[in-house]
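> Below is a structure I'd like to ask you about.
There are 2 protein chains.
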Amino acid sequence: MDRSTPASRGAVVDAACQLFADRGYHGTSMKDIAEALGVRAPSLYNHVASKQEILFAIMDKAMERALAALEEALAGVEDVSEQLRRATESLVLDFLRFPAEVTVCNTEVRSLEAANRLAIVAKRDHYAARVRQIIEQGCRSGRFSTRTPQIAAFAVLEMGNSAKSWFRPSGRYPDTYVASEYGEFALRVVG
Amino acid sequence: MDRSTPASRGAVVDAACQLFADRGYHGTSMKDIAEALGVRAPSLYNHVASKQEILFAIMDKAMERALAALEEALAGVEDVSEQLRRATESLVLDFLRFPAEVTVCNTEVRSLEAANRLAIVAKRDHYAARVRQIIEQGCRSGRFSTRTPQIAAFAVLEMGNSAKSWFRPSGRYPDTYVASEYGEFALRVVG
DNA sequence: ACGGTACTAATGAACGTTCATTAGTGCTCC
DNA sequence: GGAGCACTAATGAACGTTCATTAGTACCGT
């Protein structure tokens, strides 16, 4: 990291995010984060109050962004099939564009202190509930055919995770193409 | 843990597995593992050489079991649709029956030392390749219809992960029922 | 039946290292 | 001259691990 400009809170959070994604929260030290910024560990405390605060900031920002993207993707869409397609595409696009943030959200909930965990889990559950509602509504109206809408919802949500494990921005498919593929998969899962 | 019987290597590995799944490798201390067994930390070294060795033992055992289950599930099955269904069911059943082991395999590859990581990743890749081959063969023979067999393979493999995040043995569906649902999902994904 | 021996498994103490964090100090730019 | 930001130095706590030692148990030849 460039040392010509002073480190900012945002730079600390971003550097930490990449490291937490690669090595985990407990596998990353404040010294590691500082080194990524070309600075000594105690200097980080000029920008953040604690290591735990960094973790919470990463996850809260990521959840807010994902929720906003979902709402935007669904705005004004009436057809339930189109809703599921767009929700899935929004989800996968978020995974592909912010893989580090998403990885941290997926793996470090357990490293949050109790109060922070409650806040993040609530947002995550809200996201999952939104997708489940779509599938349940589709089942009620007969557009979808699944014996187990809840299980299908979990499957669709999880499916997208696979994308970020192999996707490379320089690869053969653009992110929007990959997202549309997963949108198709989601519609197939619900029949 | 019962202190009437002495701790064995297997007991150490099992206790560590649960803790690693809950708190992560770096989030679990040797003292934590020892306490779960009703013993002091140094006593663990009568049974294992190092903390890292415990992690490797957990993951290697889990991978071997999963690979064996896959081979058994596919033995003698010719039809490619039936192959995919059985592979998925085998995968999901493994997830549901050994959630802690699977969680460790999914999240702690990064905590393995280089040599150990190579060994585990090779087995994981072998598993994934087996499933991908089935889907690719199905596409070639026209039984499946997917533009992107590789992506579909990743989606199917990942999908199963969701099962263990909500499944409870005491819940309303038996594990075999859940597994068969995911088998159905997999077939739908490939068309 | 008995003493000797080897083995297993546990212990407290201590090792050196790393951890997150605090205190205090100085430079630099407005 | 004051705010912002980095520094060095130092803190207590926790980490994985090693060590010498002890208690209990099982097998052995006699």
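Chains as they are written, first to last, in the numbering used here: chain P, 1 to 191; chain W, 1 to 191.
The beta-carbon is built from N, C-alpha and C at its ideal position, and this holds for glycine as well.
Restricting to runs no shorter than 4 residues, where is the alpha helix (DSSP H) found entirely within the region 116-165 of chain P?
149-159
> Is there a Cβ from chain P that is less than 9 Å from the Cβ of Leu157 of chain W?
Along the second sequence, read from residue 1 onward, the residue named residue 157 of chain W stands at position 157. Interface criterion met: the Cβ of Leu157 of chain W is under 9 Å from a Cβ in chain P.
> Alpha carbon to alpha carbon, how far is Ser145 of chain P from Pro42 of chain P? Give it in angstroms, no decimals.
For the purposes of this step, residue 42 of chain P is taken as the residue at position 42 of the first sequence. For the purposes of this step, residue 145 of chain P is taken as the residue at position 145 of the first sequence. Those two C-alpha atoms are separated by around 57 Å.
> Give the secondary structure of Val13 of chain W by DSSP, where H, G and I count as helix, E and B as strand, and everything else as coil.
In the second sequence, the residue the question calls residue 13 of chain W occupies position 13. In this structure, Val13 of chain W counts as helix in the three-state DSSP scheme.
> Should Arg86 of chain W be labelled buried (16 or more other beta-carbon atoms within 10 Å of its own) or exposed?
Residue 86 of chain W sits at position 86 when you count from the first residue of the second sequence. Buried is the call here.
> Can Leu96 of chain W and Val178 of chain W be called in contact, C-beta distance under 9 Å?
Position 96 of the second sequence, counting from 1, holds the residue named residue 96 of chain W. Position 178 of the second sequence, counting from 1, holds the residue named residue 178 of chain W. Closer than 9 Å, so yes.
> When you compare only the Cα positions, how much space is there between Ala115 of chain W and Arg172 of chain W?
Here the question's residue 115 of chain W lines up with position 115 in the second sequence. Here the question's residue 172 of chain W lines up with position 172 in the second sequence. About 43 Å.
> Quick one: which residues of the region 4-23 of chain P get their C-beta closer than 8 Å to a C-beta of chain W? List them in chain order.
Here the close residues are Asp22, Arg23.
> Apply the 10 Å Cβ neighbour rule to Thr176 of chain P and answer buried if 16 or more other Cβ atoms are within range, or exposed otherwise.
Your numbering for residue 176 of chain P matches position 176 in the first sequence. It counts as exposed.
> Under the three-state reduction of DSSP, which class applies to Glu253 of chain P: helix, strand or coil?
Outside the shown range of chain P (1 to 191) lies residue 253 of chain P, about which nothing can therefore be said.
> Quick one: is Tyr45 of chain P buried, meaning 16 or more other Cβ sit within 10 Å of its Cβ, or exposed?
As a working note, residue 45 of chain P is residue 45 in the first sequence. With fewer than 16 Cβ atoms within 10 Å of its Cβ, Tyr45 of chain P is classed as exposed.
> Rounded to the nearest angstrom, what separates Asp94 of chain W and Gly38 of chain P at their Cα positions?
As a working note, residue 94 of chain W is residue 94 in the second sequence. As a working note, residue 38 of chain P is residue 38 in the first sequence. If you take the alpha carbons of Asp94 of chain W and Gly38 of chain P, they lie about 45 Å apart.
> Can Leu157 of chain W and Leu91 of chain W be called in contact, C-beta distance under 9 Å?
Along the second sequence, read from residue 1 onward, the residue named residue 157 of chain W stands at position 157. Along the second sequence, read from residue 1 onward, the residue named residue 91 of chain W stands at position 91. With respect to Leu91 of chain W, Leu157 of chain W sits close: the two C-beta atoms are nearer than 9 Å.
> Does the region 23-40 of chain W come within contact of the region 120-131 of chain P, defined as at least 3 CB pairs closer than 8 Å?
no
> Tell whether a beta-carbon distance below 9 Å holds between Cys17 of chain P and Val104 of chain P.
Residue numbering aside, residue 17 of chain P sits at position 17 when the first sequence is read from its first letter. Residue numbering aside, residue 104 of chain P sits at position 104 when the first sequence is read from its first letter. Yes, these two residues count as a Cβ contact at 9 Å.
> In chain P, which residues lie with their C-beta within 9 Å of the C-beta of Ser111 of chain W?
In the second sequence, residue 111 of chain W corresponds to position 111, counting from 1. Think of a sphere of 9 Å around the beta carbon of Ser111 of chain W: the chain P residues whose beta carbon falls inside it are Arg23, Gly24, Gly27, in chain order.
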